[in-house]
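For the sequence shown, the working numbering assigns the number 2 to the initial residue and increments by one for each residue that follows. Where a beta carbon is used, it is the ideal one built from N, C-alpha and C, also for glycine. Quick caveat: nothing in here was measured; it's all calculated off a predicted structure.
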Amino acid sequence: MAKSAAKAAAKSAAKVAAKVAAKAAAKQAAKASAKAAAKAAAKSAAKAAAKAS
């Protein structure tokens, strides 16, 4: 009985840890891509402004 309880607890802990890690990774990726997109937009805007002037 104790064995199966420990197994279940370990399984759920692993599930939770995986969920948390996935969430954190997704957050980080979103942050990084948003940063890259902003950088690219600023670059192209600066280029366009330089061309226009």
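Report the rounded CA-to-CA distance for residue i versus residue j, giving the unit in angstroms.
{"i": "K32", "j": "V21", "result": "16 Å"}
{"i": "A15", "j": "K52", "result": "55 Å"}
{"i": "A7", "j": "S34", "result": "40 Å"}
{"i": "K36", "j": "S45", "result": "14 Å"}
Taking DSSP as the reference, what is the three-state secondary structure of residue i?
{"i": "S54", "result": "coil"}
Going by the C-beta, is residue i closer than 8 Å to any heavy atom of the ligand SAH?
{"i": "K24", "result": "Among the components modelled here there is no ligand, and therefore nothing to report on the ligand SAH."}
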